[in-house]
Each structure stands twice: as structure tokens, then as C-alpha cells.
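In order, the protein sequence lines correspond to chains A and B. For the first sequence, our numbering assigns the number 21 to the initial residue and increments by one for each residue that follows. For the second sequence, our numbering assigns the number 113 to the initial residue and increments by one for each residue that follows. The beta carbon of each residue, even a glycine, is placed where N, CA and C say it ideally should be.
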Amino acid sequence: MARGEREQQAMTASDSIRLIQELLSPSTREKREFLWQEIRAAMAEITKTQTRSAEDVLLHLLELEGPIRLAPQSDIPSVMSPEDMLKSLAIQFLSRWTGRKHLKALERVKEKTASPTLSRIAMAEIEKLGGE
Amino acid sequence: MNIGDIAKGLAAGVGIDLSPNGKTAYYVEWSIGELCKVEVDTGKVTKVLGGLNYPEDVEVDWDTGEIFVSERTGEITKVSAEGRDVPVANPGGAPQQLALVKQGGKRYLFTVCYDSGHLARVDVDAGSITNFVGGLGHPVGLVIDANVSHAYVTEQDKSSLTRIELATGSTTVVYSGLRSPFFLAWDRDDTGIFCVQRDPSNSLVKLRMGPPVTLESIATGLAWRPSGVMPNSDDSRIYICADQKLQVISFNGVPKIAPEPQPFEVHSIRFNYDGSQAIALKDHLTDDYIHKDPEWIKGTRDEPAAYVRGTCPHIKVVFRKVAGTVSGTYAIGAIGNLGGVRRKDVTPTFHPSGVSDPIDFQLMWPLPRSIGKHSVSLEWYGRKTASASVPIPVGSAVHSICTTWKTMEPQKDPTTLSDWVYKMPMLWTSEWAAGKDNEKEICDAIIHDLHLSGLKYGIGGGSVRAILVGGGGMCGGWHDMFQHLAHCQGVFVHRRCFLVDWRSLPGNEVKWKAIVIRSGGLNQPAPTWPAAEFHDVDAQYPITSTTPINAVTEKRYSFWGFPGVAADGHCINFLEYDGKLYLYDPSFGTGPFQIATFGGPEAPLPPEDLTVLGGTQLTSFKKEYLDSAVDYMLGSLKDDADALHADITAKTQIIPDLAGPFKEITFYWIP
Numbered sequence: 021m022a023r024g025e026r027e028q029q030a031m032t033a034s035d036s037i038r039l040i041q042e043l044l045s046p047s048t049r050e051k052r053e054f055l056w057q058e059i060r061a062a063m064a065e066i067t068k069t070q071t072r073s074a075e076d077v078l079l080h081l082l083e084l085e086g087p088i089r090l091a092p093q094s095d096i097p098s099v100m101s102p103e104d105m106l107k108s109l110a111i112q113f114l115s116r117w118t119g120r121k122h123l124k125a126l127e128r129v130k131e132k133t134a135s136p137t138l139s140r141i142a143m144a145e146i147e148k149l150g151g152e
Numbered sequence: 113m114n115i116g117d118i119a120k121g122l123a124a125g126v127g128i129d130l131s132p133n134g135k136t137a138y139y140v141e142w143s144i145g146e147l148c149k150v151e152v153d154t155g156k157v158t159k160v161l162g163g164l165n166y167p168e169d170v171e172v173d174w175d176t177g178e179i180f181v182s183e184r185t186g187e188i189t190k191v192s193a194e195g196r197d198v199p200v201a202n203p204g205g206a207p208q209q210l211a212l213v214k215q216g217g218k219r220y221l222f223t224v225c226y227d228s229g230h231l232a233r234v235d236v237d238a239g240s241i242t243n244f245v246g247g248l249g250h251p252v253g254l255v256i257d258a259n260v261s262h263a264y265v266t267e268q269d270k271s272s273l274t275r276i277e278l279a280t281g282s283t284t285v286v287y288s289g290l291r292s293p294f295f296l297a298w299d300r301d302d303t304g305i306f307c308v309q310r311d312p313s314n315s316l317v318k319l320r321m322g323p324p325v326t327l328e329s330i331a332t333g334l335a336w337r338p339s340g341v342m343p344n345s346d347d348s349r350i351y352i353c354a355d356q357k358l359q360v361i362s363f364n365g366v367p368k369i370a371p372e373p374q375p376f377e378v379h380s381i382r383f384n385y386d387g388s389q390a391i392a393l394k395d396h397l398t399d400d401y402i403h404k405d406p407e408w409i410k411g412t413r414d415e416p417a418a419y420v421r422g423t424c425p426h427i428k429v430v431f432r433k434v435a436g437t438v439s440g441t442y443a444i445g446a447i448g449n450l451g452g453v454r455r456k457d458v459t460p461t462f463h464p465s466g467v468s469d470p471i472d473f474q475l476m477w478p479l480p481r482s483i484g485k486h487s488v489s490l491e492w493y494g495r496k497t498a499s500a501s502v503p504i505p506v507g508s509a510v511h512s513i514c515t516t517w518k519t520m521e522p523q524k525d526p527t528t529l530s531d532w533v534y535k536m537p538m539l540w541t542s543e544w545a546a547g548k549d550n551e552k553e554i555c556d557a558i559i560h561d562l563h564l565s566g567l568k569y570g571i572g573g574g575s576v577r578a579i580l581v582g583g584g585g586m587c588g589g590w591h592d593m594f595q596h597l598a599h600c601q602g603v604f605v606h607r608r609c610f611l612v613d614w615r616s617l618p619g620n621e622v623k624w625k626a627i628v629i630r631s632g633g634l635n636q637p638a639p640t641w642p643a644a645e646f647h648d649v650d651a652q653y654p655i656t657s658t659t660p661i662n663a664v665t666e667k668r669y670s671f672w673g674f675p676g677v678a679a680d681g682h683c684i685n686f687l688e689y690d691g692k693l694y695l696y697d698p699s700f701g702t703g704p705f706q707i708a709t710f711g712g713p714e715a716p717l718p719p720e721d722l723t724v725l726g727g728t729q730l731t732s733f734k735k736e737y738l739d740s741a742v743d744y745m746l747g748s749l750k751d752d753a754d755a756l757h758a759d760i761t762a763k764t765q766i767i768p769d770l771a772g773p774f775k776e777i778t779f780y781w782i783p
């Protein structure tokens, strides 16, 4: 299967939200291995349109604790861990969609994260929003 | 011929004098300013006088018992009957070897002065000074012939034995080709001169005065840095005062020095403590400081220490009582390959647990003034000070000590840098960058030898510790790691990530979705990801309806952007050095790539705030680095017939900076 085809595999919005919710559930996360490709495809679907449920999922992603188990055949994001990459995407979309509405949540991520790159992305978004 | 040790534990021993009966030798220790004597048949040492200023030589008037000492600071002093040093004269110029001559009812001390190049004569009782000749090239050793007509001098600059006629001051090189010649002594019949050489073989030679003057090797393999020489009356034993030992070259058997009972043993050595100059190290497995316990504990622990080069470290040493420990004051120190530990008088008191409080010591010499990883041997000894005693071994160990280039500067990137580093990066960089002396050389050495760490690219690991624990990582961790490695040596490098800028263009064209890399990365023969199918465009850009598109299935890394926001990409490091900008890619072990500045002299580096750069802003970056590091850019491209080709991998090299005003490749930038 070509890279692009893998990326283009259709996922419905509800399938995508379900996948991310599984990933957010500690009990499921312990049992299940994920493919980064499918997580990325789900995120692409969720962030296509701003909806209440998409916003909720992104907010929950900011609270993600603990590692995601990736399958051996999975891609791996390079600049950040999968967990931090998801938070980075969530921060950027929440910032674009809702402005300062979730500023405190963004600031919490920036304060808590051990990833200098995620911290800098959060800072850049917070600065755009006039925070801190 | 045998070489034997008479006394160990000298602190830069230099000059020596031997009693006419051959039983007692006096010697001076340059580093700690002490004059000691040793009974050469028993090895029992007594401190005669301390507080001297870098003593170079000792000369005894055996008729009167007066002892004379030359000091590096210029003075010649006499040890009084009360045991104090009394100035005799100050010829200045760093007087070296002394030669006592009695002539016409007067006593003269001849000496040569290392700094001034003079041969001087001091009237011992009048204190007057006569300079015979100047212009000698860093003279060190000196003997006067029996009828006081000539002096023979070793000149460091000429590596020679030079004869000086005292009546006229005329000088003649009588032998050249010596190797770091030091002090001199006449042989038993005054026809030859013994000369100690601080050459690599640490040797003693004899110059037969001829004519012609010829050289005879007497011994090699003496203790390190031999300085003083003094034979007994029949030349059957020749005593050598070296840096850390007093030795004898014997033609009739080496004295058996009877060992005394061990008074205590070295239990532990702490290099890093509150107020020490040691660099804090952490263990990556436990994430604890190495110095939570002493770095060295006998039989149980042996961890490295690190200092900025040229530091002269203090250490805290704990002693443990042994069966038969006798309380009292001991002169304790250590000899070793880097000079050992400065001796001091200590009265250890032992707790009920059997160990002493930590006692402060200092290494004899500063650590090397270059980057390196050193095996530093310390052979500890203690000698009772109450009476003449033999120095007794109390423990030994070899310590791993790193010397770094500069003090670390964590304030330059407080997000990632601290005032500590992990142990392994310190050990690695101190070895890889050994002898390097500027930021660029150091970073080049690190990137060159990075593969020797055994760590890999292409496996999970997003931080320095995660890479160390897991054996590898991805680029986000690796650019932190390279910064950490350079930080160990006090070198600061910047971190930057260039993230794919997924731009959706009219007609579903996308430039670009991902960067694609074929190389496996550090210590990986091929990408670690499963093979997938790619549609490569290698030769023509922009594509046309006839452009060959090659379907290739192979292992590659693809790092994906995300529509409208920053997501994945690649992380690298930059070094600013000498007005230039160098890029290092630790994930792939490549660099340096010299890059023209991104924003001119005012802003040489890429931005840190997710700003997007592209087009000509990336011209140098693309040409010097990206074209070779990132094989393909993955996007959806339209051909000249407006047909869309989804997910084409276009060779990076063939993509221009601009298509008209359009910036073909753009990236978000962030640390």
C-alpha cells in the first residue's frame, strides 16, 4: 500500500472520535497497540471541521497522561513523542478555533510538559493569543 | 645493576645530597616546600623543615652540618640549628643545583639560575654574590671541578653539557645531544659526570670527560621525572631523586626496606561535594546524581568525575581503621600518574563504625589543560610523623576523570540545559573531543564519533534520558542529545526543528505533506519502518503529463505535516562560530554543513516561534543540507495538463526555491 493511500484511508468522524477516545482511556491504552498512521488519519478527520465533539476531544487530548503503545509496524513521529504530537495538534487547533477560550488549558500544557518542543509550540500559540 | 625504591611519596622531589658515609640522603620536595632526610638502608623518612618556597636543591656542609637550599623564588637559605630557614643570599633568577666549594678559608656556593641564565657564586659567610657568566640557556645542573677552574652546566635550551672557565667566563659546549638534562654529579674519580635526563625513558647517563667527551648509558626506566643524582663514595650506589620516589641504582644489591604495619586504609573518595569544582554528573538509569555517594568506595563503587581542564581538584577522603591501627599524626598523600595527591599531616579520628570523617586533600598538579578522559592512578601512603618512619601503602585505585573545555552555560537554553550532565555523554565527549580546542573542532569531533556511542536513530526516545535508557531515539530527542553532548564540554549549540508546512493549493494540490528520507540514520543500516510504496519523481520538476513516475517499494522514513498547522518534520542543531553558522544533524550523524545566515547578520538563525520560512530564505539551507539529507518531498502535484497526481515523492534536489513568486518549499521553525 502506498504511503499516500494509507493516509487517505477514509475514516468517518465518529470512527475517528472513537479511536481517539480509546486512546484517551487508560484501560484501553494499556491493552491496545495503535498505528501512528491511523491516529494521524483520525486527527485529520476530526480537525476537518470545528464541532463541539471535536473540540471536546482536543481538550481531552491536552490532559493525556501516559504513553501510547505503538505497534511494531507503526510509524513514529520524529520531532516529538506521539503523546506530545497529539497535544501539539490539539493546542494549535483549539487556538485557531476558540481563541482565548481555552487559554488556561494551553498554559497548563506549557507548564507541565517535559518536551521543550511542545512547550515552545504552546508558547507560540499562547503569545499569538496574547496570553502570559 | 638493579633499581630499587628507597622512599615513595615525594611531592616533586628535586635535589639530593648524600652523607659521606652513604647512610643518609637529604632531598627537597618542590611542590610542598619540604626538606626531608631518609636513612637509605631502612627507608625511614624524617621531615627536617617545611615552609620552603619551591626548593630546587639541597647541599650539606658535612663538616659543619649546615644545610643549604636553593629556592625557585631566588633565595638561597640555610637551615639554622633551631630548624628554621635563614636567608644566605638572593641571587635571583631561579637558582637551581648548588655546588659547595671550600677555597682559601672561604665557603662558596655556586649555582646556575634558570631564568636569568647566570652562573653565580655566593660567599656563604659574607652573603656576597659574584656572577661569572650570563647568557646560559636555561641552565639547571652544575658541578665544579676539583681544582675549581671549571664549572660544568646542563643547558636545557641547547640540550648540552657546557664547560665554563671560571677565570675567564668563556663557555664551551663539550657535549650536545642530551635529552632534557637535569642535575649533575661527579663520579668517584672525577673523570666522569653523571647526568639525569628527564627524557621519555627517564635515564641516567655518564659523560666521560675524555677528551673527547663520550656518553655512556647507566640506567633507563627510572621513576618519572628524575631530577637529582648523588653517588656514594665508590659509585656502587647512585641515588636518584625523582618526582615521586627516591630511588637507588645499585651494583651491589638494593636495600630491603622492611614494611611497617598498615595503620589504616583508604575507604572512600568523594570528588564532588558542596563547594567542589567538580561537574555534577547523573546516572541515566536512576536519574540520580553520581555524587549522592562518594564516587569511589573501596571494593564497591567506582564512578567517574569531571572538571573543567586545568582545575586542581580538592577531594574528600575517608579512612577506615584496620586491625592494629595506631592513632597519631601521619603524613598522608598519594603518588600517581598525574602527580598524585599533595601530602599533609593528618590525625585521623575514627568513629565507632571504624571510618574517619572526610578529610580534605588536593591533587598535586592541576589536571591536564586539555579535553580528555584520564585514568588517574592514586597510590596512597601514610607515614608516622612522630619519628623516622617508612611511608606505608594504605590503598590504591585508578579513577576515571574527565577534563572539559569550558564551564557549562545552562543559562543559554534553560529549557533543556542544566548545571549537570549525564555520565555517559561526559565520558564520550571527553574522549571524542580529546585535545580539541575550539567550539567547532569539538562539535565536529562529537558528530564524527557519535556512532561510537552505539545509540541509534529510528527508535522511540524523545529526550536525552530516553535515548540513553532506550538505546536510541528520534530527531526531537537527538537534537536535545547533541546539545547535551556539546554542553558537557561547555559548548553551546542551538536546537531547531523544521516542520512540514502543509499548504493546500487550488485543485487539491498540496505542497507538501511530508519529508521522506531513505537513510537509516545513526547506527541503522536502513529505516526501521516497514517498506511502503512511493511514487518517485527523480528527474523533472514541475511534472508534466509525460514525467516518469517510478513506483518504488522500500523502507523509508516519512515525517508528515498536518493541514493548516505545524506537525512533524526534522530536528537539527546549529553552532555559531567565528561569524559562521554550522548545521549538525545528529540523527543521521552528519555535519558540519556551513549555512549562510537565515536572516542576515542581525538574525543568523532560523526563528523560534513557528514562523514559516521558504523560497530564497532557505536557499543555502536547501543547497548545503536539505538536498542531501531529505531525499524527497511528498505532496500532491498537478502536471502541465492540470491532472492531479496524489502523493508524489519529488526529489528534493530538483525542486527550485521559487516558481515565480511562489515559494516551493516552506517550513515552520521552532527550537
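Where residue i falls: helix, strand or coil (DSSP)
i: residue 48(A); result: helix
i: residue 376(B); result: strand
i: residue 23(A); result: The pLDDT assigned to residue 23(A) is 46, lower than 50, so where the model puts this residue is not dependable, and the model offers no usable value.
i: residue 84(A); result: coil
i: residue 41(A); result: helix
i: residue 478(B); result: coil
i: residue 624(B); result: strand
i: residue 784(B); result: Outside the shown range of chain B, which is 113 to 783, sits residue 784(B), and nothing can be said about it.
i: residue 28(A); result: Reliability of the predicted coordinates at residue 28(A) is poor, the pLDDT of 45 falling under 50, and the value obtained from them is presented with this limitation in mind. Three-state DSSP puts residue 28(A) in a helix.
i: residue 653(B); result: coil
i: residue 275(B); result: strand
Where residue i meets chain B, residues with beta-carbon distance less than 9 Å
i: residue 112(A); result: 674, 676, 677, 678, 679 and 722
Residue j beta carbon less than 8 Å from that of residue i
i: residue 698(B); j: residue 562(B); result: yes
i: residue 241(B); j: residue 234(B); result: yes
i: residue 573(B); j: residue 589(B); result: yes
i: residue 431(B); j: residue 463(B); result: no
i: residue 485(B); j: residue 543(B); result: yes
i: residue 552(B); j: residue 420(B); result: no
i: residue 685(B); j: residue 605(B); result: yes
i: residue 782(B); j: residue 722(B); result: yes
i: residue 665(B); j: residue 643(B); result: yes
i: residue 382(B); j: residue 410(B); result: no
Pick from the options that is closest to residue i, judged by C-alpha positions
i: residue 288(B); options: 626(B), 273(B) and 294(B); result: 273(B)
i: residue 388(B); options: 416(B), 424(B), 364(B) and 361(B); result: 424(B)
i: residue 116(A); options: 103(A), 67(A) and 130(A); result: 67(A)
i: residue 133(B); options: 168(B), 144(B), 174(B) and 165(B); result: 174(B)
i: residue 377(B); options: 689(B), 732(B) and 438(B); result: 438(B)
i: residue 458(B); options: 441(B), 154(B), 469(B) and 491(B); result: 441(B)
i: residue 266(B); options: 244(B), 229(B) and 629(B); result: 229(B)
i: residue 481(B); options: 776(B), 471(B) and 422(B); result: 422(B)
i: residue 105(A); options: 47(A), 70(A), 56(A) and 49(A); result: 56(A)
Residue i: contacting residues in chain A (beta-carbon distance under 9 Å)
i: residue 527(B); result: 136, 139 and 140
Beta-carbon neighbours of residue i, restricted to chain A and to distances below 7 Å
i: residue 588(B); result: 98, 99, 100 and 137
Whole-Å CB distance - residue i paired with residue j, under 8 Å assumed
i: residue 454(B); j: residue 474(B); result: 5 Å
i: residue 349(B); j: residue 360(B); result: 5 Å
i: residue 62(A); j: residue 90(A); result: No, residue 62(A) and residue 90(A) are not in contact; Cβ-Cβ is about 14 Å, not under 8 Å.
i: residue 680(B); j: residue 580(B); result: At roughly 23 Å, the Cβ-Cβ gap does not stay under 8 Å, so residue 680(B) and residue 580(B) are not in contact.
7 Å Cβ cut-off: residues of chain B touching residue i
i: residue 93(A); result: 642
i: residue 31(A); result: Within 7 Å Cβ-Cβ: nothing; residue 31(A) doesn't reach chain B, min ~15 Å.
i: residue 60(A); result: 672
Chain A residues whose Cβ lies nearer than 8 Å to that of residue i
i: residue 103(B); result: Residue 103(B) lies beyond the stretch modelled for chain B, which goes from 113 to 783, so this question has no answer here.
i: residue 671(B); result: 97, 98 and 99
i: residue 704(B); result: Going along chain A, no residue has its Cβ under 8 Å from residue 704(B), so there is no contact; the nearest lies around 21 Å.
i: residue 575(B); result: 134 and 135
Partners in chain B for residue i, counting only beta-carbon separations shorter than 8 Å
i: residue 64(A); result: 674 and 675
i: residue 78(A); result: The premise fails here: residue 78(A) is roughly 11 Å from chain B at the closest Cβ pair, so nothing lies under 8 Å.
Partner residues on chain E for residue i, Cβ-Cβ distance less than 7 Å
i: residue 106(A); result: Any reference to chain E falls outside this structure, whose protein chains are A and B.
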